[in-house]
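Chains as they are written, first to last, in UniProt numbering: chain A, 1 to 278; chain B, 1 to 278; chain C, 1 to 278; chain D, 1 to 278. The C-beta atom is built at its ideal place from N, Cα and C for all residues, glycine as well. All figures in this text were calculated on a predicted structure; none of them were measured in a lab. Following: one structure in structure tokens, then a few remarks.
Number of protein chains: 4
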Amino acid sequence: MKFNVGCKLSYSIHQPSTLIFNLKVIQNDYQNILKETLEVDPPLDREEYGLSFVENQYFRINAPLGKLSVSYNATVELSHVYVESETVQEVPPAELPLEVLPYLYPSRYCQSDKLGNMAQSEFGDLQPGFSRVTAICNWIYEKVEYLSGSTDSQTSAYDTATQRAGVCRDFAHLGIAFCRALNIPARFVAGYAYNLTPPDFHAYFEAYLSDRWYIFDATRLAPQSGLIRIGTGRDAADVAFATFFGAVQPEEMEVFAHQVFEPGVKAPAFTTRAIATS
Amino acid sequence: MKFNVGCKLSYSIHQPSTLIFNLKVIQNDYQNILKETLEVDPPLDREEYGLSFVENQYFRINAPLGKLSVSYNATVELSHVYVESETVQEVPPAELPLEVLPYLYPSRYCQSDKLGNMAQSEFGDLQPGFSRVTAICNWIYEKVEYLSGSTDSQTSAYDTATQRAGVCRDFAHLGIAFCRALNIPARFVAGYAYNLTPPDFHAYFEAYLSDRWYIFDATRLAPQSGLIRIGTGRDAADVAFATFFGAVQPEEMEVFAHQVFEPGVKAPAFTTRAIATS
Amino acid sequence: MKFNVGCKLSYSIHQPSTLIFNLKVIQNDYQNILKETLEVDPPLDREEYGLSFVENQYFRINAPLGKLSVSYNATVELSHVYVESETVQEVPPAELPLEVLPYLYPSRYCQSDKLGNMAQSEFGDLQPGFSRVTAICNWIYEKVEYLSGSTDSQTSAYDTATQRAGVCRDFAHLGIAFCRALNIPARFVAGYAYNLTPPDFHAYFEAYLSDRWYIFDATRLAPQSGLIRIGTGRDAADVAFATFFGAVQPEEMEVFAHQVFEPGVKAPAFTTRAIATS
Amino acid sequence: MKFNVGCKLSYSIHQPSTLIFNLKVIQNDYQNILKETLEVDPPLDREEYGLSFVENQYFRINAPLGKLSVSYNATVELSHVYVESETVQEVPPAELPLEVLPYLYPSRYCQSDKLGNMAQSEFGDLQPGFSRVTAICNWIYEKVEYLSGSTDSQTSAYDTATQRAGVCRDFAHLGIAFCRALNIPARFVAGYAYNLTPPDFHAYFEAYLSDRWYIFDATRLAPQSGLIRIGTGRDAADVAFATFFGAVQPEEMEVFAHQVFEPGVKAPAFTTRAIATS
């Protein structure tokens, strides 16, 4: 399944400023970049970099006073791995790969330590496995209202657990926090999402089950197979699509994610099967 | 039904201090004080006072350096009014008596404004009336662990909603906050409780339904008919049994609440009927 | 000094709703109402009421679907008592009048219990008295930015202590919380303010010193002698100018507070003297 | 300067459990391990591992029911780099090495995003550089009380900013949060500390200035040159000395950090010079 994704962002820079972007699709086992363009106007130097512990392709731009626009366009082919969800198990901490252990710890927006009793009370008696993480997503979908503008960049899972309103990043943070509180490693994913209305960047999460990471999205705003990854992190603090240092005024933002027509290939659809990404 | 209740409190006063106590049983329509003694040792002056907006009989003592002990003993006869709970209704704000309106507003430990969405999500679809407040109490009983020492004097309903552990005052605060969030006036009650184990002061709450206040206790630690009132307030900030200004070290605390034997009178028992107190 | 104050508020009522207003100037020793009109359009019944423990003149309106407007206009003469500030003392809890003790306790937006160490650290070593409360106001003025829209109705003193931005009610809440943490009774005041730009309702606070309540306003937005009182309470939860139950959409809001010209009477001016209100 | 450091920890394991330890001294440019022993009793397998993004040498033990003890002992030689503090500069985000950028972002216990205004208000006008981070440490030392038992594992910089009491990890978290809020990269360091009373693990922080990381310790409990590093992280969530999954009861804990006598070598002493660690 192929997608054409990208964005066009523009800014007014009121004094020389530093901007860090994280909006490029990453290349990995299940995500193949067929074509990719990135244009910065004016054509400033950009420093691209990854970090060892998260899958993101950041770039930094030092912008002078004036206008700045960034346009990104990529054609990506996805080959997700589908697994029967009943076979997907939770892994005890004794057997977890050592490199996923950090995804058990609390982070800025996912205070799993403070939500331990709540997670036990709501989900502690459920059968462990893929279905328990699904139950967490259902709980969030049913009890938290998706409401644009109801939260801001400081809102965390601890807030959402009681305030019961939020957007995609809040839904992801709460799912992650509940998972970690139950000793299920979980990480935040930023991406493009097919068919998202209104078009925007999207956030969802992955839980480590059996021997790999599986996609979960409590918002139900896009089919799981239509999620194209930008990167992962412990929470939104690791994967903001844009971070500013200086006096930067966002102006326009356009985001898109369309399926590329291929004869015989259907549109992404919601599924109850498990989708692994690594 | 008659009860003998009281307490014996002792303190070390490390510098001249002011202590405000709120531990005397109040006299009202359903609670008749048959006998009452209050001893302060050394025999210091005490200033007794009530406040216009809450039913409490406070007294203030200015204590010199040394030991202080306060002993209280009262024999009280209760005549609760029992009502069939199906007949007990919620009252719309348009018809609420004006003097109960303040019990709709958020207070220090009952941030009903921050718990509005949660209350709607959990209880908004339930049939209004006595049964909805009962559902709130059942939810608290099932989802919050009663755990001595798990909270402190700064813990509020907003914390308990997620931390899911607490003691009687936390249970009461959460019940009150949920009620107010649903436009049901609710107030905090401090009292003595028959058969409480271990013996201690107790806290529970009342909701204003139909045309009076009804007792609710989400802890299920004592039968409703065995609750003897000290006073009421918007939350624990109004009815602390003891408040200190100075260097006061609590030493011993003994609290008791026994039924007075009367031929043919049974012990207090749990009931699903509604008990009104005013 | 005479003022003409008032407001004109209009609402769209999307379903029959209950509105509680608290916008009438109160009559008391230092505030004499010379003339007063209140118009409700359509001319619905209103129930006026006070509460025993706060000075406010509330009224309740049950409004049908449609438009609602409320216009209030009063001419008020103020005769404040000026006192030399060096003579104004803090009162130890042992000697405080019993009826002001509740203003030492924490409330919804003034969590003095959580700000005890901070108050001690910042103000504990200062000379007690009027000058210490002034120091609190100066601290707030210097460290908290007055920024419209930076806070909402859930923001409390605990938030403002770190977030360092807010509006008049946040400034008042923080001042009150610091005072109570230092055992100085403090209460919230809602009022009209001469010369306020942009025109709006105003909030400030009073501290109980020597033998009466004194005005403090950390915002420095209006001269103390130009503050016309609507009412008092433990915090904003007691004195919201409008509270809605139902589907009410605020439309227009106009607030004014002008001095009435009198030959030889100057305009209100900022002062470092203490102004008592009771 | 040589130190002999280590610990002896013992646990009762009430059901088979997983324990992750992070208590080994790390080997790096300025820290040379001369001798090291680690004993686990019973002699269970342990899996040692590092993580790519933090300097820590974790090990995992899966322990059966019964007793478990872990004894660690290392002799370490430190060769810190001393720099004249006036020459140590802050680095603008435009020039920061890309790999330190994550240490600008908020983390679980260091909510720099929520403390931005406070950091600006308290430190925004100070001269940038080493002296500004020193000013942050002085502020914390003066305004926050070091009080054992005043906080717990959920306490964060946001809490400490107002509650003004804490232990070494709280002091470090607050220092880190203020630095990040001012765009100074900062990270948490866990270590052994010479002369610490009572003996315990210690926490402090490092700020990235000029072209390397510099040590800061707002507690003033140990000379900077007597700090022996276990590891670093974004905050305490990355470098807990022990993390449990299961029913583990800590029993005894002994920690030590002595200087090894060498003729002519003085004891560690407090300094106002800057000490770089990388």
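Within the UniProt domain "Transglutaminase-like" (160-220) of chain D, 161, 162, 163, 164, 165 place their CB atoms closer than 7 Å to a CB of chain C, listed in sequence order.
The C-beta of residue 138 (chain A) comes no closer than 9 Å to any C-beta of chain B. Counting along the chain, no alpha helix (DSSP H) covers residue 95 (chain C), and no H or E run does either.
In this structure, residue 208 (chain B) lies near residue 187 (chain B), with their beta-carbon atoms less than 9 Å apart.
At a beta-carbon threshold of 7 Å, the residues of chain B lying near residue 121 (chain A) are 143, 164, ordered along the chain. Fully enclosed beta strand (DSSP E) runs of no fewer than 3 residues occupy 202-209, 212-216, 227-233 of the stretch 192-236 of chain A, in order along the chain. Chain D places no beta carbon closer than 9 Å to that of residue 126 (chain C), leaving this residue out of the contacts. In the structure shown, residue 22 (chain D) falls within a coil segment according to DSSP collapsed to helix, strand and coil. Assignment of alpha helix (DSSP H) within the stretch 109-171 of chain B, counting only whole runs of 4 or more residues, yields 116-123, 130-143, 157-163 in chain order. Nearest neighbour of residue 58 (chain A) by Cα position, chosen from D:259, D:68, D:99, turns out to be D:99. Closest in C-alpha terms to residue 180 (chain D), from the list D:74, D:79, D:102, comes D:102. Not a single CB atom of chain A sits nearer than 9 Å to the CB of residue 261 (chain D). Pairing residue 228 (chain C) with residue 191 (chain C) gives a Cβ-Cβ distance under 9 Å. Look at residue 117 (chain B): its C-beta is under 9 Å from a C-beta on chain A. Along the stretch 62-85 of chain C, going in chain order, the ones with a CB nearer than 7 Å to a CB of chain B are 62. Short of 7 Å from the beta carbon of residue 215 (chain A), and not among the five residues preceding or following it, lie these beta carbons of its own chain, in chain order: 204, 206, 224, 227, 275, 277. In terms of Cα proximity to residue 10 (chain A), the closest of A:21, A:237, A:1, A:139 is A:21. Taking a contact to require three or more Cβ pairs closer than 8 Å, the stretch 76-86 of chain C and the stretch 30-45 of chain C qualify as touching. Exclusion of the five residues before and after residue 143 (chain A) leaves 164 as the residues of its chain whose Cβ lies within less than 7 Å of its Cβ. At a cut-off of 9 Å between beta carbons, residue 146 (chain C) makes no contact with chain D.
Per DSSP, the continuous beta strand (DSSP E) segment holding residue 39 (chain B) begins and ends at 31-41.
Between residue 45 (chain A) and chain D, the shortest Cβ-Cβ separation is not below 9 Å. Listed along chain D, the residues sitting closer than 7 Å to residue 114 (chain A) by beta-carbon distance are 154. Contact annotation for residue 158 (chain B) against chain A: 162 [CB-CB distance below 7 Å, chain order].
Here residue 169 (chain B) is not near residue 105 (chain B), since their CB atoms are 9 Å or more apart. DSSP places residue 250 (chain D) inside the beta strand (DSSP E), whose first and last residues are 248-259.
DSSP lists no bridge partner for residue 179 (chain D). Per the C-alpha coordinates, the member of C:139, C:211, C:131 positioned closest to residue 273 (chain C) is C:131.
Taking the Cα of residue 107 (chain A) as reference, the smallest distance to any Cα among A:39, A:238, A:243, A:88 is reached at A:238.
DSSP links residue 81 (chain B) through a beta bridge to B:276. Per DSSP, the unbroken beta strand (DSSP E) holding residue 57 (chain A) starts and ends at 54-63.
The C-beta of residue 272 (chain C) comes no closer than 9 Å to any C-beta of chain B. The shortest CA-to-CA distance from residue 210 (chain B) to any of B:60, B:246, B:66, B:85 is the one to B:85. Bridge partners of residue 51 (chain C) according to DSSP: C:54.
For residue 111 (chain D), the chain A residues whose C-beta falls within less than 9 Å of its own C-beta are 108, 154, 156, listed in chain order. In the three-state reduction of the DSSP assignment, residue 103 (chain D) falls in the helix class.
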